[in-house]
Amino acid sequence: MLYVHERKRHLHTSLLTLSVESTEFVFRVSNPLGKCVLVDKVCKNYPLMFQDVCFSANLMLLPFDEFDIILGMDWLTLHNAINGEVVQIESSDMKGLLAVVSGMKALNYVRKGYEAYLAYVIDTKVSEKKVEFVPVVSEFLDAFPEELPGLPPIREVEFDIELVPGTTPISIAPYRMAPTELKELKTQFQ
């Protein structure tokens, strides 16, 4: 699902004349700060414009102030942006290319009134992790059986380390090095 916060609801519903409908179920939504709310309103087929490309989305109205719109896993799956793939939006005009800027620079742009977008995507669904999904492991599935045959066999030679009673782990203070020596050592390692 996609989410838009309540403060913008009047802008989205009245100016664009979109109808707000009740959902079939009440959703409990939490933000990254731990604040939870119950949501039962949705704005269906909301048009989202990214660099002259229109995407349709179902927006749930939220009272959170942190984000204007949250694009969730449902939306990403619908637009084939799953399994670590990148959603690429191509534009005919070169001025529409996205630029990566630092946080401080972005804050300055927002203060000056520039239009800004923040994307924060997280998969909140807990899915069963299977060995077959790991690319390297899938090449060696015979080394990872579904069920283990039992305990490892008893070996002829047992490996153990006998400790003297009363011994403790060795604790040595780390060696302090002058900054110039540390810099020289780092250059030698590289």
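Here the sequence shown is numbered in our numbering, starting from -13 and rising by one per residue. For each residue, glycine too, the CB sits at the ideal point set by N, CA and C. Being a predicted model, the structure only gives us computed values, none of them experimental.
{"Query": "Enclosing beta strand (DSSP E) for ASP26 [first to last residue]", "Result": "22 to 36"}
{"Query": "Beta-carbon proximity of CYS40 to PRO49, cut-off 8 Å", "Result": "no"}
{"Query": "Presumed contact (8 Å Cβ cut-off) between VAL15 and LEU47, rounded CB distance", "Result": "Actually they do not touch by this definition, with Cβ atoms about 10 Å apart."}
{"Query": "ARG97 - containing alpha helix (DSSP H), residue span", "Result": "89 to 97"}
{"Query": "Cβ-based neighbour list, LYS27, same chain, cut-off 6 Å, excluding 5 preceding and 5 following", "Result": "VAL6 and LEU47"}
{"Query": "Nearest-angstrom beta carbon gap, PHE130 and VAL122 [assumed within contact, 8 Å]", "Result": "Contact doesn't hold; Cβ gap of about 11 Å is too wide."}
{"Query": "CA-to-CA distance, SER113 to VAL120, given in whole angstroms", "Result": "14 Å"}
{"Query": "Residue burial classification, LEU83 (beta-carbon count within 10 angstroms, cutoff 16)", "Result": "With a pLDDT of only 49 at LEU83, under the threshold of 50, the placement of this residue in the model should not be trusted; the figure read from the coordinates follows. Result: exposed."}
{"Query": "Buried or exposed by the 16-neighbour rule on C-beta atoms within 10 Å, applied to GLY136", "Result": "exposed"}
{"Query": "Closest residue to GLU10 among LYS21, GLY20, CYS22 and LYS30 (Cα-Cα distance)", "Result": "LYS30"}
{"Query": "Cα-Cα separation between GLY152 and TYR161, rounded to whole angstroms", "Result": "27 Å"}
{"Query": "DSSP state of VAL6 mapped onto helix, strand, coil", "Result": "strand"}
{"Query": "Which listed residue (ILE156, SER157, LYS172 and PRO155) has its alpha carbon closest to that of MET163", "Result": "LYS172"}
{"Query": "Buried versus exposed, by CB contacts within 10 Å (16 or more), GLY206", "Result": "There is simply no residue 206 to check, as the chain begins at -13 and stops at 176 in what is shown."}
{"Query": "CA-to-CA distance, ASP38 to GLY99, given in whole angstroms", "Result": "21 Å"}
{"Query": "Per-residue DSSP class, three states only, for LEU83", "Result": "A caution first: LEU83 carries a pLDDT of 49, below 50, which makes its placement in the model unreliable, though a value can still be read off. Three-state result, LEU83: coil."}
{"Query": "Residue environment, ALA43, which counts as buried when at least 16 other CB atoms sit within 10 Å", "Result": "buried"}
{"Query": "Top-ranked residue by Cα proximity to SER8, from LEU93, LEU45 and PRO139", "Result": "LEU45"}
{"Query": "Residues of its chain near ALA92, where Cβ-Cβ distance is below 8 Å and the 5 sequence neighbours each way are ignored", "Result": "ALA102"}
{"Query": "Cα-Cα separation between ARG141 and ASP128, rounded to whole angstroms", "Result": "23 Å"}
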